[in-house]
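Here the structure comes first, spelled out in structure tokens, and everything after it is commentary.
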Amino acid sequence: MRRQHFLTITAMLALLMIGPSASRSTAPLIVDLSSHLVAITTDFSGSDTLLFGAVEEEGDIIVVIKGPPNNVAVYRKSRVLGVWANTARQTFEGVPSFLHIASSAPIEEIAPPRLQVRHQLNLNALIRDLPTAKASPNIAAQWKTALIEAMQNEKLYPKTVGKVRFVGGKLFRTNVSFPSTVPTGSYLIQIYLLRDGEMISALSTPLIVSRVGMEADIYFLAKQHSLFYGLGAILIALFAGWLAQVIFRRN
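Quick note on numbering: the sequence shown equals residues -22 to -1, 1 to 229 in mature numbering (1 follows the signal peptide of the UniProt record, and there is no 0).
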């Protein structure tokens, strides 16, 4: 908590320092992150990142963060001979593996439908054009709803829109929480400045989620040398069992 307050104060001081020079330029929007790297270590349990920025003139801000695209399979369960089993499956290709949306006001009040669809400013716009193989419109809508629910259950998609808070009218900030299950890869952060229902400016900045240290070494070994990784895991398990047996006998 103290670290988060420190980052917020530091970010706002930085923006106050660059504010005069930004005003002399024509840049209507300035954005940065407290860190452009989310480091996954062996004890990683989630992480928070602060996004902050400034606007030249007052307006509304919408932030959209998308994880690297991935293929996601959704299953339908049915009762077969008294047992629940997967009886149907729909695979969606190129789906963002993580999604975060935040805004300074309700999106439907500051962005007209055409902008919401064009820039995918909400979940419905995101899944609108996802193809569904051999499915009627009603069934396709059910599959897409199931996709969103599955990603929300994994805490990878939001159930509510986050809040962008303005400080003093021109400085803004928002916190982004990444769960322990956050996928690795390159993330795209898009920031939109709107005024009176029109898009005034848009910026994008990258974010990297990556394994570091021992976590990275273990992951590399499991992926690139799966045979040795499996043998090593078996040997460790056998040794742990033998050691426990020895200690038990002594006691």
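Beta carbons are placed, not taken as given, at the ideal position from N, Cα and C, and that holds for glycine. Remember, predicted model here, so these are calculated numbers, not experimental data.
- Here the region 37 to 52 makes contact with the region 64 to 84; the two share three or more CB pairs at distances below 8 angstroms.
- Approximately 5 angstroms separates the beta-carbon atoms of S25 and F156; this is inside 8 angstroms, confirming the contact.
- Taken atom to atom, the span from the alpha-carbon of T20 to that of S158 is near 11 angstroms.
- Put simply, of F70, P6, L99, T162 the residue whose alpha carbon is nearest the alpha carbon of P136 is L99.
- Between the alpha carbons of V95 and I85 lies a gap of roughly 12 angstroms.
- Two segments are said to touch when three or more pairs of C-beta atoms, one from each, lie closer than 8 angstroms; by this definition the region 102 to 109 does not touch the region 164 to 183.
- Counting along the chain, A103 sits inside the alpha helix (DSSP H) bounded by residues 101 to 105.
- Around the C-beta of L59, fewer than 16 other C-beta atoms lie within 10 Å, and the residue is accordingly described as exposed.
- Close CB contacts of K148 within its chain, under the 6 angstroms cut and outside five residues either way in sequence, are with A32, V33 (chain order).
- Counting C-beta atoms within 10 angstroms of its own C-beta, V41 has 16 or more neighbours from the protein chains shown and is therefore classed as buried.
- The C-beta separation of L29 from R151 comes to about 7 angstroms, placing the pair in contact by the 8 angstroms criterion.
- Under the DSSP assignment, K122 falls in the alpha helix (DSSP H) whose first and last residues are 115 to 131.
- Under DSSP, the beta-bridge partners assigned to N48 are V73.
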